[in-house]
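Enquirer: Here it is: the structure, laid out below.
2 protein chains.
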Amino acid sequence: MKKYNIPVEAALEVIGGKWKVVILCHLIKGTKRTSELKRSMPTITQKMLTQQLRELEADGVIERKIYQQIPPKVEYSLTDYGWSLKEILDSLCAWGEKHIERNYEDKSLVLMEG
Amino acid sequence: MKKYNIPVEAALEVIGGKWKVVILCHLIKGTKRTSELKRSMPTITQKMLTQQLRELEADGVIERKIYQQIPPKVEYSLTDYGWSLKEILDSLCAWGEKHIERNYEDKSLVLMEG
DNA sequence: TGCAATAGGTACTTTAAAGTGCCTGTCTCC
DNA sequence: GGAGACAGGCACTTTAAAGTACCTATTGCA
Chain A
1 MKKYNIPVEA
11 ALEVIGGKWK
21 VVILCHLIKG
31 TKRTSELKRS
41 MPTITQKMLT
51 QQLRELEADG
61 VIERKIYQQI
71 PPKVEYSLTD
81 YGWSLKEILD
91 SLCAWGEKHI
101 ERNYEDKSLV
111 LMEG
Chain B
1 MKKYNIPVEA
11 ALEVIGGKWK
21 VVILCHLIKG
31 TKRTSELKRS
41 MPTITQKMLT
51 QQLRELEADG
61 VIERKIYQQI
71 PPKVEYSLTD
81 YGWSLKEILD
91 SLCAWGEKHI
101 ERNYEDKSLV
111 LMEG
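Here the protein sequences line up with chains A and B, keeping their order. Going by full-length UniProt numbering, the first residue of the first sequence is number 1, and it counts up by one from there. Going by full-length UniProt numbering, the first residue of the second sequence is number 1, and it counts up by one from there.
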């Protein structure tokens with residue numbers, strides 16, 4: 001029985017941490033294979049990627065589709081419930097962009113190219 | 001020189017972690033004194049509260065107003081820049097509520113009363 | 001024949017986030 | 001005159017998050 005003092009804590013439990021929002025922001029652009037996600041996140045480790053994907057799946061926000069073929073093919077996509085996070089993800093991304101621009105001069109925040 | 005692979009990482013650096021979103025969700029309801037914030041977050045420690053407030057202030061999203069009186073009085077409020085997070089915070093709160101309702105039966109997520 | 005790509009699992013270690021405990025100072029109230 | 005409210009600071013420890021390293025299996029390709 002998890003208890004929250006404020007509802008937003010429940011949201012943080014699902015999308016909190018270093019990677020989940022980033023993963024979801026990639027999946028919002030469409031279904032992706034594991035290797036595609038990995039390439040989109042050059043600094044994530046295989047272990048963290050799998051782990052975070054499992055947790056997101058357990059929370060019902062993403063779906064895992066396994067193709068029975070060799071070499072293996074696995075695709076991840078947002079579930080309907082996951083799509084209910086779209087507004088949050090979109091505004092987070094937009095805010096991040098503005099924040100980088102705002103702090104470009106003094107704090108030198110830079111978006112990697114590529 | 002901080003570098004991000006995707007802009008949303010910049011947003012996570014400002015509002016990431018266990019407490020910042022919760023603090024901001026309280027401040028969105030209006031200016032609050034340190035002790036009020038502390039009471040709203042029964043499980044936060046004095047140290048974490050101060051630390052997170054300092055970081056939010058350094059990022060320009062909240063403002064700290066000190067009244068020169070005894071006993072001390074310090075008020076925290078969102079800056080204009082902080083208010084640009086309103087959309088994110090609102091939808092995060094709303095999503096959290098829905099998530100608790102959705103999982104009330106099977107996973108027993110409960111919002112503390114009081 | 002041996003390496004790359006595919007999608008992982010598992011045990012272990014590191015590092016960063018969070019928490020504990022104890023300290024400051026002044027004023028009011030009992 | 002001691003206790004509590006107020007807003008912290010600082011050193012230290014704990015715990016949880018993240019990272020490293022090495023393992024599985026199959027196929028195609030050079």
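Glycine residues also receive a C-beta, built at the ideal position from the N, C-alpha and C atoms.
1) What residue from B:K86, B:S91, B:Y4, B:V8 has the CA that sits closest to A:G96's CA?
2) So, at 6 Å on beta carbons, what are the nonlocal neighbours of A:K65 in its own chain, with the 5 sequence-adjacent residues on each side left out?
3) Helix, strand or coil for B:P7 per DSSP?
4) For B:I6, which residues in chain A fall below 9 Å Cβ to Cβ?
5) Tell me which residue opens and which closes the beta strand (DSSP E) that A:S77 is part of.
6) Between B:E87 and chain A, is there a C-beta pair that is closer than 8 Å?
7) For chain B, check one thing: does any of its Cβ atoms lie closer than 8 Å to the Cβ of A:E63?
8) Starting from B:K20 and walking both ways along the alpha helix (DSSP H), at which residues does that stretch end?
Expert: Per the coordinate set shown:
1) Within the first sequence, the letter at position 96 stands for residue 96 of chain A. Ranked by Cα distance from A:G96, the options B:K86, B:S91, B:Y4, B:V8 are led by B:V8.
2) Numbered from 1 along the first sequence, position 65 holds the residue referred to as residue 65 of chain A. Answer for A:K65: E75, listed in chain order.
3) Walking along the second sequence from the start, residue 7 of chain B turns up at place 7. DSSP places B:P7 in coil when its eight states are reduced to three.
4) Here residue 6 of chain B refers to the residue found at position 6 of the second sequence. Within chain A, the C-beta atoms nearer than 9 Å to that of B:I6 come from V22, C25, H26, S40, M41, C93, G96, L111, M112, in chain order.
5) Residue numbering aside, residue 77 of chain A sits at position 77 when the first sequence is read from its first letter. Boundaries of the beta strand (DSSP E) harbouring A:S77: 73-78, taken from the DSSP string.
6) One-based indexing of the second sequence puts residue 87 of chain B at position 87. Yes, B:E87 counts as interfacial toward chain A.
7) Here the question's residue 63 of chain A lines up with position 63 in the first sequence. Closer than 8 Å: no.
8) Residue numbering aside, residue 20 of chain B sits at position 20 when the second sequence is read from its first letter. B:K20 -> alpha helix (DSSP H) spans 20-27.
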